[in-house]
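J.: For the protein sequence lines, the chains are A and B, in the order given.
Just so you know, we're using the numbering used here here: the first sequence kicks off at 1 and counts up by one.
Just so you know, we're using the numbering used here here: the second sequence kicks off at 1 and counts up by one.
My structure is below; once you've seen it, I'll send some questions.
2 protein chains.
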Amino acid sequence: MSDRGETAHVPWGPPYLLYLGSATDELSIKTARGLAYWRPQWCLGQHRRRDCTVTLGLPDLALDQAKARGANTMVIGAANAGGVMGEEIVADAIAALDAGLHVASGLHHKLRDHPAIVAAAQRNQRALFDARAAGPGIPVGNGRPRSGRRLLTVGTDCSVGKMYTALALERSLRRRGHPADFRATGQTGILIAGAGIPVDAVVADFVSGAAESISPARPDGGWDLIEGQGSLFHPSYAGVSLGLLHGSQPDALVLCHEPTRRHMRGLPEYPVPDLRACMEANLAAARLTNPAVRPIGIALNTSGLPAHEAADICQRIGALFGLPCEDPVTMGVESLVDHLIASFPN
Amino acid sequence: MSDRGETAHVPWGPPYLLYLGSATDELSIKTARGLAYWRPQWCLGQHRRRDCTVTLGLPDLALDQAKARGANTMVIGAANAGGVMGEEIVADAIAALDAGLHVASGLHHKLRDHPAIVAAAQRNQRALFDARAAGPGIPVGNGRPRSGRRLLTVGTDCSVGKMYTALALERSLRRRGHPADFRATGQTGILIAGAGIPVDAVVADFVSGAAESISPARPDGGWDLIEGQGSLFHPSYAGVSLGLLHGSQPDALVLCHEPTRRHMRGLPEYPVPDLRACMEANLAAARLTNPAVRPIGIALNTSGLPAHEAADICQRIGALFGLPCEDPVTMGVESLVDHLIASFPN
Numbered sequence: 001m002s003d004r005g006e007t008a009h010v011p012w013g014p015p016y017l018l019y020l021g022s023a024t025d026e027l028s029i030k031t032a033r034g035l036a037y038w039r040p041q042w043c044l045g046q047h048r049r050r051d052c053t054v055t056l057g058l059p060d061l062a063l064d065q066a067k068a069r070g071a072n073t074m075v076i077g078a079a080n081a082g083g084v085m086g087e088e089i090v091a092d093a094i095a096a097l098d099a100g101l102h103v104a105s106g107l108h109h110k111l112r113d114h115p116a117i118v119a120a121a122q123r124n125q126r127a128l129f130d131a132r133a134a135g136p137g138i139p140v141g142n143g144r145p146r147s148g149r150r151l152l153t154v155g156t157d158c159s160v161g162k163m164y165t166a167l168a169l170e171r172s173l174r175r176r177g178h179p180a181d182f183r184a185t186g187q188t189g190i191l192i193a194g195a196g197i198p199v200d201a202v203v204a205d206f207v208s209g210a211a212e213s214i215s216p217a218r219p220d221g222g223w224d225l226i227e228g229q230g231s232l233f234h235p236s237y238a239g240v241s242l243g244l245l246h247g248s249q250p251d252a253l254v255l256c257h258e259p260t261r262r263h264m265r266g267l268p269e270y271p272v273p274d275l276r277a278c279m280e281a282n283l284a285a286a287r288l289t290n291p292a293v294r295p296i297g298i299a300l301n302t303s304g305l306p307a308h309e310a311a312d313i314c315q316r317i318g319a320l321f322g323l324p325c326e327d328p329v330t331m332g333v334e335s336l337v338d339h340l341i342a343s344f345p346n
Numbered sequence: 001m002s003d004r005g006e007t008a009h010v011p012w013g014p015p016y017l018l019y020l021g022s023a024t025d026e027l028s029i030k031t032a033r034g035l036a037y038w039r040p041q042w043c044l045g046q047h048r049r050r051d052c053t054v055t056l057g058l059p060d061l062a063l064d065q066a067k068a069r070g071a072n073t074m075v076i077g078a079a080n081a082g083g084v085m086g087e088e089i090v091a092d093a094i095a096a097l098d099a100g101l102h103v104a105s106g107l108h109h110k111l112r113d114h115p116a117i118v119a120a121a122q123r124n125q126r127a128l129f130d131a132r133a134a135g136p137g138i139p140v141g142n143g144r145p146r147s148g149r150r151l152l153t154v155g156t157d158c159s160v161g162k163m164y165t166a167l168a169l170e171r172s173l174r175r176r177g178h179p180a181d182f183r184a185t186g187q188t189g190i191l192i193a194g195a196g197i198p199v200d201a202v203v204a205d206f207v208s209g210a211a212e213s214i215s216p217a218r219p220d221g222g223w224d225l226i227e228g229q230g231s232l233f234h235p236s237y238a239g240v241s242l243g244l245l246h247g248s249q250p251d252a253l254v255l256c257h258e259p260t261r262r263h264m265r266g267l268p269e270y271p272v273p274d275l276r277a278c279m280e281a282n283l284a285a286a287r288l289t290n291p292a293v294r295p296i297g298i299a300l301n302t303s304g305l306p307a308h309e310a311a312d313i314c315q316r317i318g319a320l321f322g323l324p325c326e327d328p329v330t331m332g333v334e335s336l337v338d339h340l341i342a343s344f345p346n
């Protein structure tokens, strides 16, 4: 099985040059950092402007240097405020195309909406890829059972580790020799997987259909690890989460949570939901399309806590649910995978 | 308060000529029938091709006749299979524009996507309106409480009477002297209201924001009657229903149901949910953005039942919930409105 699965035919792809532009904070380079963390073998170097103050620890490469070393695609993995594609980014994208690189972007504004970028791509016969644009042909969800096993990461809120958890589960399952594929639903995940659908950019009627599309029937007994989005308890985005839950028809759920989060992301009036209520609500909704769905564990993002507190809270929450609870980044996901395999023996 | 509310500035609008084309079944003219039923004062006549076998009972008018009698807009209220805009419809839309009428459509395929229709509109300085196209500028939902009162019609399934119920409630409240506005979320409702957002055509991240937009703060103590969509229990569309529920922040819910329906629309494997479970799930989800939400009653579409069975089932379901239960079309909604007013006295 290739790392990039069924999309190996698209012209853009690794090796990557990661574009950081003029980024000055960690949050704005989270797409690039996700790629460098999960697919280090694909990332040849980084490309930074003079005023950039953050680094991925990769070699700094000029565009022609990167091309000479074998880079195939420059990934614009740094967002301005609002995901806007400023003049600098446009100029650098054009320069990359002129240097012979394809260009992929996780920004909200699309490469294809800039005539000068489109012209440079045509001039150089290079490809443009907007990871946040949903392609055509997504069907309405049909709710029909399909073969294969699927695990969905759900969350108490946005940005609590749903993508990292799904990727960590993929890695652990593969290391143990189980067929397993991360299924991406957001722009960073799509750049990491080389495939996927940005479900929050899909027209509302097609969200469950998009989830069905990215995790089709699989006869090999392996697992699809589907990247969750949002939260059933987020007033802005819960509809996306529910459509994704129904379309995924998950056999297994992992609940993701950030224990220092005080309120829902962007909404100070809304407290983070109770963990048990959140798990129950997700299981109840998931039963509509898969009555046999099971909770497998809890994944905490404990980056805001000292190590001993992180261990304590994992133990406490694990005991509360009677399920494994770990931080996928600092502790791994081995106890979750043990429980997953034990829960689905064949 | 004008019937058309804040959209009186758009060029298209009543009086209407209702286009039935070559329709041969009732289902395909449901948009036209909805307009003729709910806004008879706006509907001057119908326009049919020779092979059309259905009628709204309105005068048959040629395009120039309709224009001479004061028609402003031809409404394409008949769908081919799949909502496709066939050659006949395109030719007739162009003829209507050439006769000096604006053209509005509730079809899935857009008027604006046909260059010949766009050219005819420009040539005649007439407007085109696609009721199924979501306009730009819809914000992300913010979940903040807002003034005014809102009632949302929710359902066990698609096509169980959510739009008719909301319109019947608007009519009854207005007759009793209460400020009340139907808020449309689907193409037929939008043509009836002259305003609204087709929430199933909105990008998924913006569904709750769309619901907030169409039912803004209102300081007059009146009611917004918001047209529900889909069902929390429909595997294809539940995400739309949940986003609409959260964005509406409803004070009151009316549950709509079609008692002869055996399975979810389009999905024979999925039974219609239990009425009480459906009401509870809607209330539980609605509490996220409005903890004080109350169930007000049940609206049944009993068109598939003899009159005495219809009366029986309304009584039985009403007793089960301890709430009024009526068929809005054959029985009216007076007991629901009585209970609504009693539940929210000021």
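In this text, a Cβ means the ideal position worked out from N, Cα and C, and glycines have one as well.
In this text, all values refer to a predicted model and were calculated from it rather than measured experimentally.
Work out the CA separation of Pro328 (chain A) and His114 (chain A) for me, nearest whole Å.
T.: Looking at the two C-alpha atoms, the distance is approximately 39 Å.
J.: Against chain B, does Asp205 (chain A) count as a neighbour if the rule is that its beta carbon must be under 7 Å from one of theirs?
T.: yes
J.: Please tell me whether, using a cut-off of 6 Å, the distance from the CB of Asp60 (chain B) to the nearest non-hydrogen atom of the ligand ADP is below it.
T.: Annotation note on the ligand ADP: not contained in the displayed structure, which lists no ligands.
J.: Mapping DSSP to helix, strand and coil, what is Arg171 (chain B)?
T.: helix
J.: Cα-Cα, which of B:Val54, B:Asp51, B:Leu44, B:Gly77 is closest to Asp64 (chain B)?
T.: B:Leu44
J.: Does DSSP put Gly209 (chain A) in a helix, in a strand, or in coil?
T.: helix
J.: Under 7 Å between C-beta atoms, does Ala23 (chain A) make it to chain B?
T.: no
J.: Rounding to the nearest angstrom, what Cα-Cα distance links Ala252 (chain B) and Arg294 (chain B) in this structure?
T.: Going by the C-alpha atoms only, they are around 5 Å apart.
J.: I'd like to know if Asp312 (chain B) contacts chain A, where contact means its C-beta is closer than 7 Å to some C-beta of that chain.
T.: Not closer than 7 Å to any Cβ of chain A, the Cβ of Asp312 (chain B) fails to qualify, so no.
J.: Output the residue ranges of the alpha helix (DSSP H) runs that lie fully inside the segment 14–84 of chain A and measure 4 residues or longer, sorted by chain position.
T.: 30–38, 63–68
J.: So, is Pro250 (chain A) buried or exposed, given that buried needs 16 or more other C-beta atoms within 10 angstroms?
T.: buried
J.: For the alpha helix (DSSP H) that contains Pro115 (chain B), what are its first and last residues?
T.: 115–124
J.: Would you check if there are 3 or more beta carbon pairs closer than 8 Å linking the segment 236–250 of chain A to the segment 195–212 of chain A?
T.: Yes, the segment 236–250 of chain A touches the segment 195–212 of chain A.
J.: Among A:Asp157, A:Asp224, A:Gly266, which has the Cα closest to the Cα of Pro241 (chain A)?
T.: Sequence inspection shows Ser at residue 241 (chain A); the Pro mentioned does not correspond to that position. Selected option, being the one with the closest Cα: A:Asp157.
J.: So, is Asn343 (chain A) buried or exposed, given that buried needs 16 or more other C-beta atoms within 10 angstroms?
T.: Reading the sequence as shown, one finds Ser at residue 343 (chain A) and not Asn. With fewer than 16 Cβ atoms within 10 Å of its Cβ, Ser343 (chain A) is classed as exposed.
J.: Let me confirm a value: Thr302 (chain B) is counted as buried when at least 16 other C-beta atoms fall within 10 Å, else exposed. Which label applies?
T.: Buried.
J.: Which one of B:Gly155, B:Pro145, B:Asp220, B:Gly194 has the shortest CA to CA distance from Ser105 (chain B)?
T.: B:Gly194
J.: Taking only three categories from DSSP, how would you classify His102 (chain B)?
T.: Assignment of His102 (chain B) by DSSP, reduced to helix, strand and coil, places it in the strand class.
J.: Answer yes if the segment 302–317 of chain A comes into contact with the segment 128–144 of chain A, meaning at least three C-beta pairs across the two stretches below 8 Å, and no otherwise.
T.: Because the criterion of three Cβ pairs below 8 Å is not met, the segment 128–144 of chain A and the segment 302–317 of chain A do not touch.
J.: Hey, Pro15 (chain B) and Gly77 (chain B): beta-carbon distance below 7 Å or not?
T.: No.
J.: Determine, using beta-carbon pairs with one atom in the segment 185–193 of chain A and one in the segment 29–45 of chain A, whether at least three such pairs fall under 8 Å.
T.: Yes: at least three Cβ pairs fall under 8 Å.
J.: Roughly how many angstroms separate the alpha carbons of Arg183 (chain A) and Pro216 (chain A), rounded to a whole number?
T.: 10 Å
J.: Does the distance from the C-beta atom of Asp220 (chain B) to that of Pro179 (chain B) stay below 7 Å?
T.: yes
J.: Assuming Pro11 (chain A) and Ala127 (chain A) form a contact by the criterion Cβ under 8 Å, report the distance between their Cβ atoms to the nearest whole angstrom.
T.: The C-beta distance from Pro11 (chain A) to Ala127 (chain A) rounds to 4 Å, short enough to fall under 8 Å.
J.: Using beta carbons (cut-off 7 Å, strictly below), is Leu17 (chain A) in contact with chain B?
T.: no
J.: Looking at chain B, is there any beta carbon in it that lies within less than 7 Å of the beta carbon of Met331 (chain A)?
T.: no
J.: If the criterion is Cβ atoms closer than 7 Å, does the pair Val84 (chain A) and His47 (chain A) meet it?
T.: Result no, Cβ atoms of Val84 (chain A) and His47 (chain A) do not sit closer than 7 Å.
J.: Using 10 angstroms around the beta-carbon of His263 (chain A), count the other beta-carbons present and answer buried if the total reaches 16, otherwise exposed.
T.: exposed
J.: So is Leu320 (chain B) buried or exposed if we call it buried at 16+ other beta carbons inside 10 Å?
T.: exposed
J.: For my contact list, Leu255 (chain A) and Leu275 (chain A) are in at a C-beta cut-off of 8 Å; report their separation, rounded to the angstrom.
T.: 7 Å
J.: Just to confirm, are Pro198 (chain A) and Arg132 (chain A) a CB contact at a threshold of 7 Å?
T.: yes
J.: Considering only DSSP beta bridges, list what Ile298 (chain B) is partnered with.
T.: B:Leu255, B:Cys325
J.: Quick one: is Ala62 (chain A) buried, meaning 16 or more other Cβ sit within 10 Å of its Cβ, or exposed?
T.: exposed
J.: In chain B, which residues lie less than 7 Å from Thr289 (chain A) when you measure between Cβ atoms?
T.: Pro235
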